[in-house]
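Input: a single structure, listed below in C-alpha cells.
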Amino acid sequence: MSEIRSIDRAAMGPGRGVDIANHMLNQSGLRVGFDRRRGRGAGLNPSGRFEPFARAAFDDGWATIDELPPFRTEVQNEAARTIITRNQSPDISFDRSVNPYRGCEHGCVYCFARPSHAYMGLSPGLDFESKLFAKPNAAELLEDELSKPGYEPRSIAIGTNTDPYQPIEKTRRIMREILEVLERANHPVGIVTKSALVTRDIDILQRMAAKGLARVAVSVTTMDRQLARLMEPRAATPTKRFDAVRQLTEAGIPTMVMTAPIIPGLTDSEIERLLEAAAEAGAKEVGYVLLRLPLEVSPLFKDWLLRHYPNRYRHVMALLRSMRDGKDYDPEWGQRMTGKGPYAQQIKRRFELAAKRLALNLERSTLRSDLFRAPKGGGVQLSLL
C-alpha cells in the first residue's frame, strides 16, 4: 500500500512526524470508523494483494457513509476436499498440519496468517477476523486421509495458521471431532492456541498424552491485560491462558508456553516475567518467536501502533528493522522466527538465561508414532499377511 509507505516515512521523520502520520491516515479513507470495528484488532480493511481494485471510504456528500454497518462475525461452511496441509519448511518442526477454520475471530493484529485471506478474495484486515470459514467435514476428511494405503504417521500440528479454539469452536466443535479421530487412530498431535477453551478437551488429550500422543503449546504475548485487549481483542486474557496451562499440566499433558510474538520496544521487557509465570503454572518447556510482518500484516500493525502507541512507533519499528536487515520483514529460513543482529542476540540470550534459571527446557517432550492404526483399517489386513 503506497499510502502506508508515505505515512511510515512521515512517522519516522523528525519533530511531530507521528502526529502528521496519524493525520494522513485519518484523511486517507483507509481507516475504518471505531463504531464499525469495535472489539476488533485491525483498524483497516485493505483489499487483498490479488484484487484489481483498492477500497477507501470517503464522504460523497450524500450522508451515506454513516449507514455503513459494523463488522459482525459471519461464518460460512467450506466444502474442503483435503484437510492435511504439507510443508517442507526447514525451520519448523512439523511437516503437516490441519486447520479446521479459515480466518480467526481472536483478531490478533500481528497475526502472520492474515495474508491467507487474500486467497479467498477477502481483506487480511477486518475481513480476516469477521468473515470466517468453517470446515464441517474436517474430521471425516482426516479419517479418510489417515486410512489411505501407505500413509506414514508423523505429528500433525493444529493451530499453526488460525486458532482451532477460537470462539466459534464452542458451538461448531470441529476441533473436538478431529481429536476424536486422532485418538481412535493413536495419531500424534501438537496443538497451539491462545484460548482457554482447550481445557474442554482435557479428557481426550489426557488419554492421548498418557500414550505419548499429545502436547499443547499455549501462546502468551503479554501479562498486561490492557495491552492484550488491544492486540488480541477476542483471545483469552493472559490470566486465563496461564490457568489453562496449569489445568493441562496437572492432567499430565505436556504443555509449553510460547511467548509469541515478542514485539521489540513493546513486550520484550516482559520476557523474564512471562517465563516465571510459565514455570509457576507448571510448564516445563518454553519458546519464542520474534514479531513477523509479512505482506499485508505490516500496514495493519503500523496503523495499530499509530492508533494506540504513537509515542513508541519510531522505537518499535527501528528496533524491528535492525533485526530484519532494515526491512519490516525478512523471510529468510532460520532467521524469520528470531531475527539477527545485536538486539536479536540480546533477546535470545535473555530468554536462554531466564529459562536456565527457572529450570525450563531441560528436556523436550517427544511424541510417538509407532502406535498408529488406520482408523478405517487401511493397511491392517495386509500387515497381518
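For the sequence shown, counting from 1, position 113 maps to 112 in numbering that gives the first Met the number 0; every step adds exactly one. All C-beta atoms in this analysis are idealised placements derived from N, C-alpha and C, irrespective of residue type, glycine included. Only a predicted model underlies this, so the values are computations on that prediction, with no experimental measurement involved.
Looking at residue j and residue i, is the spacing between their C-beta atoms short of 9 Å?
i	j	result
residue 294	residue 263	no
residue 257	residue 288	yes
residue 45	residue 122	yes
residue 266	residue 220	yes
residue 189	residue 208	no
residue 240	residue 195	yes
residue 116	residue 158	no
residue 292	residue 342	no
residue 312	residue 10	yes
residue 97	residue 177	yes
residue 5	residue 154	no
residue 234	residue 120	no
residue 353	residue 271	yes
residue 152	residue 187	yes
residue 320	residue 326	yes
residue 223	residue 232	no
residue 366	residue 211	yes
residue 33	residue 118	no
residue 309	residue 17	yes
residue 199	residue 161	no
Enumerate in chain order the residues of its own chain whose CB-to-CB distance from residue i is below 7 Å, with the five nearest sequence positions on each side excluded.
i	result
residue 70	35, 36, 39, 125, 129
residue 301	3, 7
residue 251	205, 208, 209
residue 74	131, 133, 167
residue 72	104, 129, 131
residue 315	262, 263, 264, 265, 304
residue 357	274, 275, 278
residue 76	133, 135
residue 438	Outside the shown range of the chain, which is 0 to 384, sits residue 438, and nothing can be said about it.
residue 387	Residue 387 lies beyond the stretch modelled for the chain, which goes from 0 to 384, so this question has no answer here.
residue 143	none
residue 43	29, 30, 31, 124, 298, 299, 302
residue 306	42
residue 242	195
Which residue or residues does DSSP assign as beta-bridge partners of residue i?
i	result
residue 75	132
residue 85	95
residue 289	261
residue 192	217
residue 254	215
residue 100	133
residue 156	96, 189
residue 284	255
residue 43	30
Within the same chain, show all residues whose beta-carbon is closer than 8 Å to that of residue i, passing over the 5 residues directly before and after it, in chain order.
i	result
residue 376	146
residue 380	With a pLDDT of only 42 at residue 380, under 50, the local geometry of the prediction cannot be trusted, and no value is derived from it.
residue 137	79, 82, 97, 99, 173, 176, 177
residue 384	The predicted position of residue 384 is uncertain, since its pLDDT is 38 and thus under 50; a value taken from the coordinates is nonetheless stated next. Within the same chain, residue 384 has no close Cβ partners at all.
residue 51	none
Please report the Cβ distance between residue i and residue j, rounded to the nearest whole angstrom; I am assuming they are in contact, meaning their Cβ atoms lie under 8 Å.
i	j	result
residue 95	residue 83	5 Å
residue 386	residue 260	Here the chain has residues from 0 to 384 only, and residue 386 is not among them.
residue 28	residue 55	4 Å
residue 284	residue 364	7 Å
residue 333	residue 322	With 8 Å as the limit, residue 333 and residue 322 do not qualify as a contact, their Cβ atoms being about 13 Å apart.
residue 218	residue 191	6 Å
residue 150	residue 373	7 Å
Excluding sequence positions up to five away, which residues of its chain have a Cβ less than 6 Å from the Cβ of residue i?
i	result
residue 281	245, 248
residue 253	214, 364
residue 127	102, 113, 116
Any beta carbon of chain D sitting closer than 9 Å to that of residue i?
i	result
residue 150	No chain D is part of this structure, which consists of one protein chain only.
Please determine if the segment 87 to 100 and the segment 17 to 29 are in contact, where contact requires at least 3 C-beta pairs separated by less than 8 Å.
-> no
Using 8 Å as the threshold, is the segment 224 to 231 in touch with the segment 176 to 185, meaning 3 or more CB pairs across them?
-> no
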